[in-house]
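These notes are about the structure you will find just below.
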Amino acid sequence: MKRSQRLPWIDGARGFALFGILMVNVPAFNAPFFLYGGEEQYWSGSVNHGLQDFIDIFFQASFYPLFSLLFGFGVQMMWERLQNNKVLVRRLFILLAFGLIHAFLIWHGDILLSYAGVGFLLFFFFHQQPRVLSRWFWGLLMIPGVLYTWFLYMSREYLGWVNREAITNAFNGYTSDSYITIVTQNFQDWMYANSGFLGLLFLIISLLPMFLIGMLLMKKRWLHDVDTFHPIVRRILYVSLAIFLIFKAGPYLAGNPEWLSFIQDHIGGAASSIFYLTAITLLFQHQKWGRRLQFLTYAGKMSLTNYLSQSILCFLLFYGPGFNLYGKVSPIWSVAIVFAIYSFQAFFSKWWLARFYFGPLEWIWRSLTYMKKQPMRRRKETAF
């Protein structure tokens, strides 16, 4: 079977993104505070607050952008290889179907539906030069970031509101034994987070620039031939680290006011995702670090399967039909759950990929994309 060459540091970055997404998603699965506020009051104590601040700086709004960047990178790679819009359209529609199932039947925090929807805009950019992609990236990053931050500053006295009624409804809904009640509450939360023109606008503003910077990196081939472009990759690393620290950690020097939250996530999150990608890329160029980080590649190669299985496991842990731990897991135990789930996924992914070419959902996605059943089981003599 002829297969495209993979870049292990890209798979490693995708695996690391899965870990970061889980670190943010477990608290959001466990309680409604991410949507409706009130987390600081509910989880008291210096340890919990310190851990929340650490996650806010190094994880929050850093790994969805990283996943988005890698999505754009992968879509551009596929388009250049196939030059077939029909296949890509079919691939996005299949992803849309996965997203619909995930968003409305499992968890309102789904990203697949958003990726598929915004992904259709990428057909306007496949033929564009890297400099055009760069201008769109910076424009979509800086202009909304500055304008909306100014708006938040002007209305800062109205920020920080806690929607206690919605919190009560969420606790009642997700602790119910009825799956229908849970799905209904899930739909209400999804509508709260995504409905309306502004919801769509913010979705595009959040995802499209990261898709485009991923496409730019693919076009430039900086991450393909790291030896040749090592000075450029290192420069990107240092610049992104500086922006990351200024925008993600900097607000804490000013008391972390609410009106800085958008620019902290929008610009700081974009910079942190680029820093994580370039750091992993450079680490993989060293033999010892490449071996140490190899476990990330196994999870990354099965990113769709692992992402959806994370949600299924969290559903069983936190909602009424499962262990019903909703609202009962403190931030420190949330971190423990993240390490437990991700460790299992990394070991399972390695075991699975030693026997099969693709993860289960990756195989379904690929087979439907090409409208042909793909080879699945590895032959015994095939080297892993």
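Per numbering that gives the first Met the number 0, the sequence shown starts with residue 0, numbered consecutively.
Yeah, the Cβ is synthetic: ideal placement off N, Cα and C, and Gly gets one too.
Bear in mind that the values here come from a model prediction, so they are computed numbers and not experimental data.
For Gln-344, which residues of its own chain have a beta-carbon under 6 Å away from its beta-carbon, when the five flanking residues on both sides are left out?
So the qualifying residues of the chain are Ala-298, Asn-305.
For Glu-38 and His-107, what's the separation of their Cα atoms in angstroms?
Rounded to the nearest angstrom, the two C-alpha atoms are 19 Å apart.
Can you tell me which of the three DSSP states Phe-123 falls into?
Reduced to three states, the DSSP call for Phe-123 is helix.
I believe Gly-116 touches Gly-213 by the beta-carbon criterion, under 8 Å. Please report the beta-carbon distance rounded to the nearest angstrom.
Actually they are not in contact, since the Cβ atoms of Gly-116 and Gly-213 sit about 17 Å apart, beyond 8 Å.
Mapping the DSSP letters down to three states, classify Arg-376 as helix, strand or coil.
Note: Arg-376 maps to strand in three-state DSSP.
Give me the Cα-Cα distance between Arg-2 and Ile-105, rounded to the nearest whole angstrom.
Residue placement at Arg-2 is flagged as unreliable, the pLDDT there being 46, under the threshold of 50; a coordinate-derived value is accordingly withheld.
Below 8 Å on the Cβ atoms is my guess for Gln-59 versus Val-23; work out the distance and round it to an integer in Å.
Rounded, the Cβ-Cβ distance is 6 Å, consistent with contact.
May I ask which residues mark the beginning and end of the alpha helix (DSSP H) holding Arg-230?
Reading the sequence as shown, one finds Pro at residue 230 and not Arg. 229-243 is the span of the alpha helix (DSSP H), which, as asked, contains Pro-230.
Give a yes or no on whether the C-beta atoms belonging to Leu-132 and Leu-111 are separated by under 8 Å.
Going by C-beta atoms, Leu-132 is not nearer than 8 Å to Leu-111.
Considering just the uninterrupted stretch of the alpha helix (DSSP H) at Thr-304, what are its terminal residues?
Residues 302-317.
Does the Cβ of Pro-143 have 16 or more other Cβ atoms within 10 Å, making it buried, or fewer, making it exposed?
Buried, by the Cβ-count rule.
Give me, in chain order, the residues of the same chain whose beta-carbon lies closer than 6 Å to that of Ser-348; leave out the 5 immediate sequence neighbours on both sides.
Cβ neighbours of Ser-348 beyond the five flanking positions: Tyr-297, Ala-298, Met-301.
What do you reckon, are the CB atoms on Leu-140 and Ala-269 nearer than 8 Å?
In this structure, Ala-269 lies closer than 8 Å to Leu-140 by Cβ.
Which same chain residues end up closer than 8 Å to Asn-47 when comparing Cβ atoms and leaving out the 5 residues on each side of it in sequence?
Ser-329, Pro-330, Ile-331.
Just mark Lys-247 as buried or exposed, buried being the case when its beta carbon has 16 or more other beta carbons within 10 Å.
It is buried - the Cβ of Lys-247 has at least 16 other Cβ atoms within 10 Å.
Is it buried or exposed for Asn-29, if we count other Cβ within 10 angstroms and need 16 for buried?
Buried: at least 16 other Cβ atoms inside 10 Å.
Can you tell me where the alpha helix (DSSP H) with Ala-30 in it begins and where it stops?
Element bounds for Ala-30: n/a, residue is neither H nor E.
Grab me the residues of Arg-354's own chain with a C-beta within less than 7 Å of its C-beta, minus the 5 sequence neighbours each way, in chain order.
Contacts found: Arg-376, Arg-377.
For the alpha helix (DSSP H) containing Thr-277, name the first residue and the last one.
Start and end: 260-283.
Could you compute how far the alpha carbon of Leu-21 sits from the alpha carbon of Val-74?
Approximately 23 Å between the Cα atoms of the pair.
Leaving out five residues on either side along the sequence, give the residues of the same chain with a beta carbon under 8 Å from the beta carbon of Phe-317.
Excluding positions up to five away in sequence, the list reads Phe-28, Asn-29, Tyr-173, Asn-323, Leu-324, Tyr-325, Val-328.
Compare the C-beta of Gly-358 against all C-beta atoms of chain D and say whether one is closer than 8 Å.
Protein chain content of the structure displayed is limited to a single chain, and chain D is not contained in it.
Out of curiosity, what's the CA-to-CA distance linking Phe-57 and Asn-83?
Between Phe-57 and Asn-83, the C-alpha separation is close to 38 Å.
Ala-382: buried (16+ other C-beta within 10 angstroms of its C-beta) or exposed?
Residue confidence is low: Ala-382 scores 49 on pLDDT, short of 50, so the model does not pin down where it sits. Its coordinate-derived value is still stated next. By the 10 Å Cβ count, Ala-382 comes out exposed.
Going by DSSP in three states, Phe-201 sits in which element: helix, strand or coil?
Phe-201 falls in the helix class under three-state DSSP.
With 16 other CB atoms within 10 Å as the buried threshold, where does His-265 fall?
The residue in question, His-265, is buried, as its Cβ has 16 or more Cβ neighbours within 10 Å.
Given a threshold of 16 other Cβ atoms within 10 Å of its Cβ, counted over all protein chains shown, does Asn-171 qualify as buried or as exposed?
Burial call: exposed.
Going by DSSP, name the residue or residues bridged to Phe-53.
Paired residues: none, contrary to the question.
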